[in-house]
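Visitor: First the structure, then my questions, so here it is.
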Amino acid sequence: MGNVLILAEHRQGAVRDITFEMLAAASGVARDLGGEVVVLLPGSGLDDLAAQIAAYGVKVLVVDDPLLANFNAEKYQLVLGAAIDAYKPSLVMVGHTAQGVDLAPALAVEKDLPFVADVIGLAVEGGVLKATRQLYSGKVNAQVAFKPAETCLVTVREAAFEALEPPGGGAVEKIECPLKEDIAYRQFVEYIEAEVGDVDITQSEILVAVGRGLREEKNMPLVEELAAVIKADLCGSRAAVDAGWLPHDRQVGTSGKTVKPKLYLAVGISGAFQHVAGMKGAKAVVAINKDPDAPIFNVAHYAIVDDLLKVVPKLTEKLKELKG
Amino acid sequence: MKTFVCIKYVPDTSEAVVKINAGGTAVDSSRFSFDINDADNYAVEEAVLIKEKCGGTVTVLSIGPKESEVMIRMALAKGCDDAIRIEDERIALYDPLMVAKTLAGAIKGQEFDLVLTGCMASDDGQMATGVALAEYLGVPHAAMVKKVEMLDGKVKVQRELEGGLMEVLELELPAVLTIQTGINEPRYAPIRGIRAAQKKELKLVNLDDLGLAASEVDSSASKIVLEKLYIPEVASTAEVIEGSDADEKAEKLASILVKGGLV
Ligand SMILES: Cc1cc2nc3c(=O)[nH]c(=O)nc-3n(C[C@H](O)[C@H](O)[C@H](O)COP(=O)(O)OP(=O)(O)OC[C@H]3O[C@@H](n4cnc5c(N)ncnc54)[C@H](O)[C@@H]3O)c2cc1C
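Residue numbers (my numbering), protein chains in the order written: chain U, 1 to 324; chain E, 1001 to 1263.
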């Protein structure tokens, strides 16, 4: 009782960072609940991964079976469900990731668990487990309490918690795979790597990033001219890519690229966490947005609150003049 | 091919000042403009594309207020065939599992091949409703779908993972897919379609009509309690460039960038 069970996340042979971030998030909760942190690691050929996670001083329950070679939400749901039945953790943590969002809501329904998605904070107050999450793309926070239950379930936002240094001293225990044969109703086929484009924006020194605030494709020359004057490459938010203004390889964020330029000029981008995850490593961030409450300003060094359609042409003109 | 597409009427808060009521229990949405959720718009398009290719019908399903009928009619104008609007104050809308259970109540007992939803609602960003709905319906699912190909008795999809990596998988039908933005190019409703949409059936139902007891989907059924909403304190350290107009701000920024050696 009081234990926190984390579903480890890995893909193509590597543990994903969210696993270590969940370990950091779990330690305080486990202490307050009077339990310990246990990690469930399903997959195939897991010895290295198990050792890497155990180094965080936790017990790793390994379910190593060729049937689990690639992530499959339906199979992983069976494995995690069986572990919940066997170990009765007070809290189960899954990443709010492409894997986690494909699995956790169905598990919550199947096992009738109190469930909160995309959690950025967790606390135990007076014996009650509470989670913090965000609404309206980060403009509002919500505090949600779990009604008393044997097991609660959360998905944890990426980069919301900072991974700690591994202290060493954990243990690995192999457990049996509850799945005995393959399932027909959902079958993994293959991975297809993202396309490679003409410019690798992960290597760019200066990036001009454009978002939905540009309104229309016919306004693209505004940012193209700005980029040309300062020898920047162009990139954008998912909204800009979805609209077809830029190819997918220019998308910055969780489902696009992670960039770390010296200067990132965000034009008409709101700053959703999926976008910020891809650009917060930039040395200097300039944001131009007419909404003073836009979350992008929380990661910006310089801010202009105004209409980009007016600011950008003037900025281009002045930069041209100054750079002669 | 029988498809349901679930859509949500959401406020556009990307440029709006968001205020919380005094009790900290609700967002004051009186001055927001509402429209179809971004990802749901792509789901509607995908449903219509599938119908155009494979035949069949598409039923729109939405939980929402009377005003959302404008959005529903727009989906009908784009080629969906009929619609069900669920309105009932008793549903615990803050809990995606209760929303999913309600939607399942409207679908269960009918023949269907596919249910499409958006992968995320832009207002509360749970990314949970579609996947929970699949479990309530007892059918397989895939979340964050960026490509759909109908096969015989199966559907082949590509799920978009981190970094743009695609996971290709096959599901047996019937199945639920949560659709990611960018999967297609949502069409504009043709004028003819808009006229035709006025004559298509749009049924209004409540929990009783769906055969659901309030105690299955209300705040007593929900296992979570929304305790409070608040505006997060932000530790923005950004230097806000002031000026009497956009020109002055732009000029100041240009100097800062050049003097600071940033460009
Ligand atoms: C699974 C998943 C993965 C995702 N991955 C990514 C990702 O990799 N990258 C990504 O970017 N997003 C991603 N998203 C989407 C993300 O949630 C946001 O929807 C997206 O980032 C919004 O893009 P935006 O900022 O351009 O648009 P919006 O949020 O619509 O913001 C537009 C901004 O422009 C401003 N604006 C409008 N007009 C003007 C004007 N005239 N002058 C100045 N400012 C103006 C507005 O105030 C607003 O802040 C993902 C979402 C999901 C569900």
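Here a beta-carbon is modelled for each residue, glycine too, at the ideal position from N, C-alpha and C.
Does the count of Cβ pairs from the region 301–314 of chain U and the region 1174–1194 of chain E closer than 8 Å reach three?
Guide: Contact fails: fewer than three Cβ-Cβ distances are below 8 Å.
Visitor: Listing by chain order, which chain U residues have their CB less than 9 Å from the CB of Arg1159(E)?
Guide: Correct list: Ala98 and Asp102.
Visitor: Does any residue of chain U bring its CB to less than 8 Å from the CB of Asp1247(E)?
Guide: With 8 Å as the cut-off, Asp1247(E) counts as an interface residue toward chain U.
Visitor: Across which residues does DSSP place Ala284(U) in a beta bridge pair?
Guide: DSSP lists Leu263(U) as partners of Ala284(U).
Visitor: If distances are taken between C-alpha atoms only, which option among Val1139(E), Ile1084(E) and Val1044(E) comes closest to Ala73(U)?
Guide: Nearest C-alpha to Ala73(U): Val1139(E).
Visitor: Output yes if chain U places a C-beta closer than 8 Å to the C-beta of Ser1244(E); else output no.
Guide: No, Ser1244(E) does not count as interfacial toward chain U.
Visitor: Looking only at its chain, what residues have a beta carbon closer than 6 Å to the beta carbon of Ser204(U), apart from the 5 residues adjacent to it on each side?
Guide: So the list reads Asp233 and Pro261, once near-sequence residues are dropped.
Visitor: So if I threshold CB-CB distances at 9 Å, which residues from the region 1078–1102 of chain E count as touching chain U?
Guide: Per Cβ criterion, the list reads Tyr1094, Asp1095, Pro1096, Leu1097, Ala1100 and Lys1101.
Visitor: Per DSSP, what kind of secondary structure is Met1127(E) in: helix, strand or coil?
Guide: Reduced to three states, the DSSP call for Met1127(E) is coil.
Visitor: Rounded C-beta distance between Leu29(U) and Val58(U)? I'm assuming under 8 Å.
Guide: Note that residue 29(U) is Val in the sequence shown here, rather than Leu. At roughly 13 Å, the Cβ-Cβ gap does not stay under 8 Å, so Val29(U) and Val58(U) are not in contact.
Visitor: Mind checking who Met93(U) pairs with in its DSSP beta bridge?
Guide: DSSP output for Met93(U) lists Ile6(U) and Val154(U) as bridge partner(s).
Visitor: Is Leu999(E) buried or exposed, if buried means 16 or more other CB atoms sit within 10 Å of its CB?
Guide: Chain E is shown from 1001 up to 1263; residue 999(E) falls before or after that span and cannot be answered.
Visitor: Going by beta-carbon coordinates alone, are Leu40(U) and Ala83(U) separated by less than 8 Å?
Guide: Closer than 8 Å, so yes.
Visitor: Hey, which unbroken runs of the beta strand (DSSP E) at 3 residues or more fall wholly within the region 98–155 of chain U?
Guide: Counting only runs of 3 or more, we get 115–125, 128–135 and 140–146.
Visitor: With 8 Å as the threshold, decide whether the Cβ of Thr19(U) is near any Cβ in chain E.
Guide: Not closer than 8 Å to any Cβ of chain E, the Cβ of Thr19(U) fails to qualify, so no.
Visitor: Any chance you could list the beta strand (DSSP E) runs of at least 3 consecutive residues sitting entirely within the region 1105–1180 of chain E, in chain order?
Guide: Counting whole runs of 3 or more residues, the region 1105–1180 of chain E contains the beta strand (DSSP E) stretches 1114–1118, 1141–1150, 1154–1160, 1166–1172 and 1175–1179.
Visitor: Give the residues from the region 301–320 of chain U that approach chain E closer than 7 Å (Cβ to any Cβ), ordered along the chain.
Guide: Against chain E - using a Cβ distance shorter than 7 Å - the residues of the region 301–320 of chain U are His301, Tyr302, Ala303, Ile304, Val305, Asp306, Asp307, Lys310, Val311, Lys314, Leu315, Lys318 and Leu319.
Visitor: Tell whether a beta-carbon distance below 8 Å holds between Ala294(U) and Gly271(U).
Guide: The answer is yes: Cβ separation under 8 Å.
Visitor: Taking all protein chains shown into account, do 16 or more other C-beta atoms lie within 10 angstroms of the C-beta of Ala184(U), making it buried, or fewer, making it exposed?
Guide: It counts as exposed.
Visitor: I need the boundaries of the beta strand (DSSP E) containing Leu234(U), first residue and last residue.
Guide: Asp233 to Gly236 is the span of the beta strand (DSSP E), which, as asked, contains Leu234(U).
Visitor: Using DSSP with H/G/I as helix, E/B as strand and the rest coil, what is Leu1229(E)?
Guide: Here Leu1229(E) sits in strand by DSSP.
Visitor: Per DSSP, which one or two residues make a beta bridge with Pro42(U)?
Guide: Val63(U).
Visitor: Using a Cβ-Cβ cut-off of less than 8 Å, give me the residues of the region 134–150 of chain U that come near chain E, in sequence order.
Guide: Here the close residues are Gln134, Leu135, Tyr136, Ser137, Gly138, Lys139, Val140, Asn141, Ala142, Gln143, Val144, Ala145, Phe146, Lys147 and Ala149.
Visitor: Do Asp1095(E) and Ile1224(E) have their C-beta atoms within less than 8 Å of each other?
Guide: Their beta carbons are under 8 Å apart, which means Asp1095(E) touches Ile1224(E) by this criterion.
Visitor: Which first and last residues belong to the alpha helix (DSSP H) in which Leu319(U) is found?
Guide: Where Leu319(U) is concerned, the enclosing alpha helix (DSSP H) stretches over Leu308 to Lys323.
Visitor: Grab the span of the beta strand (DSSP E) containing Asp1218(E) for me, first residue to last.
Guide: Run containing Asp1218(E): none; DSSP gives neither H nor E here.
Visitor: Residues of chain E with CB under 9 Å from Phe161(U), in chain order?
Guide: Under the 9 Å cutoff, chain E gives no residues; its nearest Cβ is about 16 Å from Phe161(U).
Visitor: I'd like to check one pair, Glu1201(E) with Ser255(U): are the Cβ atoms closer than 8 Å?
Guide: No, Cβ-Cβ distance for Ser255(U) and Glu1201(E) is not below 8 Å.
Visitor: Under 8 Å between the Cβ atoms of Tyr264(U) and Val285(U)?
Guide: In contact: Tyr264(U) and Val285(U) (Cβ atoms closer than 8 Å).
Visitor: Between Gly1182(E) and chain U, is the shortest Cβ-Cβ distance under 8 Å, so that the two count as touching?
Guide: Yes, contact with chain U.
Visitor: Starting from Ser255(U), trace the beta strand (DSSP E) both ways and give me its first and last residue.
Guide: Neither: Ser255(U) is in no beta strand (DSSP E) and is coded neither H nor E.
Visitor: Just to make sure I have the definition right: I need the residues of chain U whose C-beta is within less than 7 Å of the C-beta of Leu1171(E). Which are they?
Guide: What Leu1171(E) touches in chain U: Tyr185 and Arg186.
Visitor: Ends of the alpha helix (DSSP H) at Ser27(U)?
Guide: First-last of the alpha helix (DSSP H) with Ser27(U): Asp17 to Leu33.
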